[in-house]
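**Q** In my numbering, the protein residues as written are 146 to 276. Beta carbons are placed, not taken as given, at the ideal position from N, Cα and C, and that holds for glycine. Note that this is a predicted model, so its numbers are computed, not measured.
1. Pop quiz: residue 266 and residue 246 are said to be a contact at Cβ under 8 Å. What is the actual Cβ separation, rounded to whole angstroms?
2. Out of curiosity, what's the CA-to-CA distance linking residue 234 and residue 258?
3. So is residue 170 buried or exposed if we call it buried at 16+ other beta carbons inside 10 Å?
4. Is residue 263 helix, strand or coil when you go by DSSP?
5. Give the C-beta separation of residue 262 and residue 174 to the nearest angstrom, bearing in mind that I take them to be a contact with Cβ-Cβ under 8 Å.
6. Exposed or buried, which one is residue 275 when buried takes at least 16 other CB atoms within 10 Å?
7. Quick check: what's the CA-CA separation for residue 147 versus residue 157?
8. Does residue 150 come out as helix, strand or coil in the three-state DSSP assignment?
9. Only counting runs of 3 or more residues, tell me where the beta strand (DSSP E) segments fall wholly within the region 170-228, in order along the chain.
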C-alpha cells in the first residue's frame, strides 16, 4: 500500500495532476520544502504546486522508491528534468533554460496516505545550470 501511494503521488506529479497528488495526502500533511518553510495542510500544498507549475515544467525520471517494512516511512530518488518557464522570486531570471538535477524525497505514511513530504536537491547546482 505505501509503495503504491508513493508511486501514485509521483505518477500524478508527472501527469501534472495536482488533484491526484492531493488525493495521496492526509489533510494535515507536512510539506518540508528544500531551502524553505514547512507548509501544513493540503491547501498550502496545492498553492505551492500551482506556483511551481507557473514557474517550472518538470518531469521526474529514473525513479527508485524505498519503503520500510511496516509501511510507515518511504523515500524516493530520481532525476528532475525541467524547464525554467517564469522567474521565481529571488532566483535567476527565467528564459526557458533546461536543467537536469538529482533529487530525493522522504515520506511519512499514515492510514495509506502521505502525512509528510520532505524534498531535497542541490540548489547551488540548479542555479549553476540555469545561470
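**A** Short version:
1. Counted from its first residue, the chain shown places residue 266 at position 121. Counted from its first residue, the chain shown places residue 246 at position 101. Residue 266 to residue 246, Cβ: 5 Å. Contact.
2. Start at 1 with the first residue of the chain shown, and residue 234 comes out as number 89. Start at 1 with the first residue of the chain shown, and residue 258 comes out as number 113. If I take the Cα positions, the gap works out to 32 Å.
3. Sequence index remark: in the chain shown, residue 170 carries index 25 (1-based). The residue is buried, with at least 16 neighbouring Cβ atoms inside 10 Å.
4. In the chain shown, the residue the question calls residue 263 occupies position 118. In this structure, residue 263 counts as strand in the three-state DSSP scheme.
5. Position 117 of the chain shown, counting from 1, holds the residue named residue 262. Position 29 of the chain shown, counting from 1, holds the residue named residue 174. Residue 262 to residue 174, Cβ: 7 Å. Contact.
6. Residue numbering aside, residue 275 sits at position 130 when the chain shown is read from its first letter. Classification of residue 275: buried, given that the 10 Å Cβ count is 16 or more.
7. As a first step, residue 147 must be located in the chain shown, where it is residue number 2. As a first step, residue 157 must be located in the chain shown, where it is residue number 12. Answer to the nearest angstrom: the Cα atoms are 15 Å apart.
8. Within the chain shown, residue 150 is the residue found at index 5, counting from 1. Three-state DSSP puts residue 150 in a helix.
9. 170-177, 183-185, 201-212
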